[in-house]
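Enquirer: Please see the structure below; I have some questions.
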Amino acid sequence: MALIVQKYGGTSVGDTERMKNVARRCLAAQKAGHDVVVVVSAMSGETNRLLKLVAQITDRPDEREQDVVVATGEQVSIGLVALAIQAQGGKAVSFLGHQVRIVTDSTFSKARIKSIDAEPIRAALKQGKIVVVAGFQGVDEAGSVTTLGRGGSDTTGVALAAALKADACEIYTDVDGVYTTDPNVCPAAKKLDRITYEEMLELASLGAKVLQIRSVEFAMKYKVPLWVKSSFTEDPGTLVCEEDASMEDVLVRGVAYDRNEAKITVVGVPDQPGMAAKLFGALDAKHIVVDLIVQNPSRDGRTDVTFTVAKSDFTKAHEVVKQAAQEVGATGLEVDDAIAKVSIVGVGMRNHSGVAAKMFQTLSQEGINIQLISTSEIKTSCVIHTKYTELAVRALHTAFGLDAPPPVTANPTVSEVDALKGQKA
């Protein structure tokens, strides 16, 4: 008997029929002898609908009140899924974030989980119930509703699995696993059977939409076996797990891209101690996450500092940096939101040279200019113009041997050829 946490995304509970399908899966797992905890997202499109309502009221919403609005989507989903399980003869109970005390910090709209009180869940499981928990939400120490950011239900699922010491966490989506890149951009992408926590963490942080980055951080920290599966097929999916020796044989595991980036350059910053601290301290005070940072060599006592932020933070970051740049005595400010970040990831890169050079050469052969470069042990990222994103992804996917083999077409038999000749005659 195992304890399994299953998380179902918005497309998996997009309508009542799909919710009934989720209920059947949960009951099947329970009938197989397992304790089952289910984490559910809002119905597909519901969070966007709620955010549009907020936008109709104000273009600068108070983030606490916005969280109160958008957290309601999951409340509807958990109630309906619990009812679907009961309608099929099972026992189920639903819990909102505050009812299982998913305590977070007070960074509204992108809060981080601090603790979970798993006792209400354990008590319900002892009663033979399937527990349905709202993803994406929690409460801060003051009792205010908080949300965990886009994809936050993944984090809820893995965090609950860690708190409950679950045997596995299964993330159900509309795709049947983790692919070498986005199949919508590169038809030659192929599904991976396994991927390391580190590789998945890099891919998630670099734009891959399969898992939220914090969910992978939780899984890696607490060694939670993490499966990515489709709620519409019986495919075994992809296992996200610890690295073993065989995984280092693969040079590049995947190609990621992110169009949700904007670039800001502070021109003519005095080349003195403390200038960077003032610039980035101002951004940190507004909870704005900075990605790539490049500082040019000093000339005439001044330097240029370039960095990227998420497009969702671009307007706020622009205002903050404009003020900070004036305070440090910079001479100008340049911005560009027509960029994308393309990255290659693989634990095998640790022990092989020439990977970055091959990436740069591949982009050069396609006539793609590189604006910024960032590297780590297992990844290399390049910022390029957004119009070249798909070309870059496909070229890199091919260059590093990730393309799936073309489908085998059977040769016609002699009798089939003769039959075709007869038809033509």
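Going by the UniProt record's numbering, 154 is the number at position 154 of the sequence shown; the sequence numbering is gapless. For glycine and all other residues, C-beta sits at the position ideal for the given N, C-alpha and C.
Which same chain residues end up closer than 6 Å to LEU226 when comparing Cβ atoms and leaving out the 5 residues on each side of it in sequence?
Expert: Stepping through the sequence shown from its first residue, residue 226 is reached at position 226. Only CYS169, ALA219 and VAL240 meet the Cβ criterion.
Enquirer: For the 8 Å Cβ check, are there 3 or more pairs between the segment 72-90 and the segment 103-122?
Expert: No, they do not touch.
Enquirer: The beta strand (DSSP E) that contains residue 427, what's its start and end?
Expert: Because the chain here runs from 1 to 425, residue 427 falls outside it and cannot be looked at.
Enquirer: Using a Cβ cut-off of 9 Å (strictly closer), state whether VAL347 contacts chain C.
Expert: Within the model displayed, chain C is absent; a lone protein chain is all it includes.
Enquirer: Apart from the five residues on each side of it in sequence, which residues of its chain come closer than 6 Å, Cβ to Cβ, to ASP15?
Expert: Within the sequence shown, the letter at position 15 stands for residue 15. Nothing listed; no residue qualifies.
Enquirer: Could you give the first and the last residue of the continuous beta strand (DSSP E) run that contains LYS286?
Expert: As a first step, residue 286 must be located in the sequence shown, where it is residue number 286. First-last for LYS286: undefined, no H or E at that position.
Enquirer: Taking the C-alpha atoms as reference points, what is the distance between SER231 and ALA71?
Expert: Mapped onto the sequence shown, residue 231 falls at position 231. Mapped onto the sequence shown, residue 71 falls at position 71. In a straight line, the C-alpha of SER231 is about 23 Å away from that of ALA71.
Enquirer: Report the CB separation of VAL255 from ILE344 in whole angstroms; it is logged as a contact under 8 Å.
Expert: Taking the first residue of the sequence shown as 1, we reach residue 255 at position 255. Taking the first residue of the sequence shown as 1, we reach residue 344 at position 344. Sure, about 6 Å apart at Cβ, within 8 Å.
Enquirer: According to the neighbour-count rule (16 or more other Cβ atoms, all chains shown, within 10 Å of its Cβ), is ARG49 buried or exposed?
Expert: Position 49 of the sequence shown, counted from the first residue, corresponds to residue 49. Counting Cβ neighbours within 10 Å, ARG49 comes out exposed, since fewer than 16 surround it.
Enquirer: Between the alpha carbons of THR380 and GLY9, how many angstroms are there, rounded?
Expert: Counting from 1 along the sequence shown, the entry for residue 380 is found at position 380. Counting from 1 along the sequence shown, the entry for residue 9 is found at position 9. Spanning the two alpha carbons is a distance of roughly 30 Å.
Enquirer: Do the segment 380-399 and the segment 356-368 meet, that is, are 3 or more Cβ pairs less than 8 Å apart?
Expert: Yes, they touch.
Enquirer: Hey, how far is the Cα of LYS286 from the Cα of THR156?
Expert: As a position in the sequence shown, residue 286 is number 286, starting the count at 1. As a position in the sequence shown, residue 156 is number 156, starting the count at 1. Roughly 25 Å between the two C-alpha positions.
Enquirer: Please report how far the alpha carbon of ILE288 lies from the alpha carbon of ARG24, in whole angstroms.
Expert: For the purposes of this step, residue 288 is taken as the residue at position 288 of the sequence shown. For the purposes of this step, residue 24 is taken as the residue at position 24 of the sequence shown. In a straight line, the C-alpha of ILE288 is about 42 Å away from that of ARG24.
Enquirer: Would you kindly work out how many angstroms separate the C-alpha atoms of THR47 and ARG302, rounded to a whole number?
Expert: Position 47 of the sequence shown holds residue 47. Position 302 of the sequence shown holds residue 302. If you take the alpha carbons of THR47 and ARG302, they lie about 46 Å apart.
Enquirer: Mind checking GLY135: buried by the 16 CB within 10 Å criterion, or exposed?
Expert: Looking up residue 135 in the sequence shown gives position 135. Per the 10 Å Cβ criterion, buried.
Enquirer: With ARG25 as the anchor, note down where its alpha helix (DSSP H) starts and where it stops.
Expert: What you label residue 25 is simply residue 25 of the sequence shown in a count that begins at 1. Residues 16-31.
Enquirer: Assuming SER41 and SER94 make a contact with CB atoms under 8 Å, what is their CB distance in whole Å?
Expert: Numbered from 1 along the sequence shown, position 41 holds the residue referred to as residue 41. Numbered from 1 along the sequence shown, position 94 holds the residue referred to as residue 94. Contact doesn't hold; Cβ gap of about 14 Å is too wide.
Enquirer: What does DSSP give as the partner residues of CYS169 in its beta bridges?
Expert: Here residue 169 corresponds to residue number 169 of the sequence shown, with the count starting at 1. For CYS169, which the question treats as bridged, DSSP gives the partners VAL5 and LEU226.
Enquirer: Spell out a yes or no on whether the segment 97-110 and the segment 50-59 are touching, meaning 3 or more CB-CB pairs, one atom from each, closer than 8 Å.
Expert: The segment 97-110, when compared against the segment 50-59, does not touch it at the 8 Å Cβ threshold.
Enquirer: For the candidate residues GLU390, GLY401 and GLN272, whose alpha-carbon lies nearest to that of ALA330?
Expert: In the sequence shown, the residue the question calls residue 330 occupies position 330. Here the closest residue by C-alpha is GLN272.
Enquirer: So, at 8 Å on beta carbons, what are the nonlocal neighbours of ILE85 in its own chain, with the 5 sequence-adjacent residues on each side left out?
Expert: Looking up residue 85 in the sequence shown gives position 85. Taken in chain order, the residues that qualify are ALA23, CYS26, LEU27, LYS91, ALA92, ILE130 and VAL132.
Enquirer: Tell me whether MET1 is buried or exposed, calling it buried when 16 or more other Cβ atoms sit within 10 Å of its Cβ.
Expert: By 1-based counting over the sequence shown, the position of residue 1 is 1. MET1 should be labelled exposed.
Enquirer: To which residues does DSSP link HIS385 through a beta bridge?
Expert: By 1-based counting over the sequence shown, the position of residue 385 is 385. According to DSSP, which records beta bridges pairwise, HIS385 is partnered with ILE339.
Enquirer: Between the alpha carbons of SER364 and GLY348, how many angstroms are there, rounded?
Expert: For the purposes of this step, residue 364 is taken as the residue at position 364 of the sequence shown. For the purposes of this step, residue 348 is taken as the residue at position 348 of the sequence shown. Between SER364 and GLY348, the C-alpha separation is close to 23 Å.
Enquirer: Nearest CA to the CA of THR173: which residue from ASP403, LYS7, LEU279 and SER376?
Expert: Indexing the sequence shown from 1 puts residue 173 at position 173. Ranking ASP403, LYS7, LEU279 and SER376 by Cα distance to THR173 puts LYS7 first.
Enquirer: At a cut-off of 8 Å, is SER343 close to the ligand MN when judged by its beta-carbon and the heavy atoms of the ligand?
Expert: No copy of the ligand MN occurs in the structure displayed, which carries no ligand at all.
Enquirer: For the segment 74-156, list the beta strand (DSSP E) runs that are entirely contained and at least 3 residues long, ordered along the chain.
Expert: The segment 74-156 contains these whole beta strand (DSSP E) runs: 92-95, 102-104, 113-116, 130-134, 137-139 and 145-147.
Enquirer: I need the straight-line Cα distance from ALA317 to ILE373, nearest angstrom please.
Expert: Indexing the sequence shown from 1 puts residue 317 at position 317. Indexing the sequence shown from 1 puts residue 373 at position 373. Using only the alpha carbons, I get a separation of about 21 Å.
Enquirer: When burial is assigned at 16 or more other CB atoms within 10 Å of the CB, is GLY138 buried or exposed?
Expert: Residue mapping note: residue 138 aligns to position 138 of the sequence shown, counting from 1. Label assigned to GLY138: buried.
Enquirer: In this structure, how does DSSP classify ASP174 when only helix, strand and coil are distinguished?
Expert: Start at 1 with the first residue of the sequence shown, and residue 174 comes out as number 174. The answer is coil: DSSP assigns ASP174 none of H, G, I, E or B.
Enquirer: In chain order, what residues of the same chain lie with their CB nearer than 6 Å to the CB of GLU390, ignoring the 5 residues before and after it?
Expert: Here the question's residue 390 lines up with position 390 in the sequence shown. Answer for GLU390: VAL185, listed in chain order.
Enquirer: Could you tell me if GLY45 is buried or exposed, where buried requires 16 or more neighbouring beta carbons within 10 angstroms of its beta carbon?
Expert: As a position in the sequence shown, residue 45 is number 45, starting the count at 1. It counts as exposed.
Enquirer: Strictly by DSSP, which residues pair up with VAL294?
Expert: The residue you call residue 294 lines up with position 294 of the sequence shown. Partner(s): THR306.
Enquirer: So, is VAL228 buried or exposed, given that buried needs 16 or more other C-beta atoms within 10 angstroms?
Expert: Position 228 of the sequence shown holds residue 228. With 16 or more Cβ atoms within 10 Å of its Cβ, VAL228 is classed as buried.
Enquirer: Provide the residue span of the alpha helix (DSSP H) that contains ARG49, from first to last.
Expert: The count along the sequence shown starts at 1 and reaches residue 49 at position 49. It spans 46-57 - the alpha helix (DSSP H) in which ARG49 sits, taken as one unbroken run.
Enquirer: Apart from the five residues just before and just after GLN66, which ones in its own chain have a Cβ nearer than 8 Å to its Cβ?
Expert: Counting from one through the sequence shown, the residue named residue 66 turns up at place 66. Hits under 8 Å: LEU51, VAL54, PHE108 and SER109.
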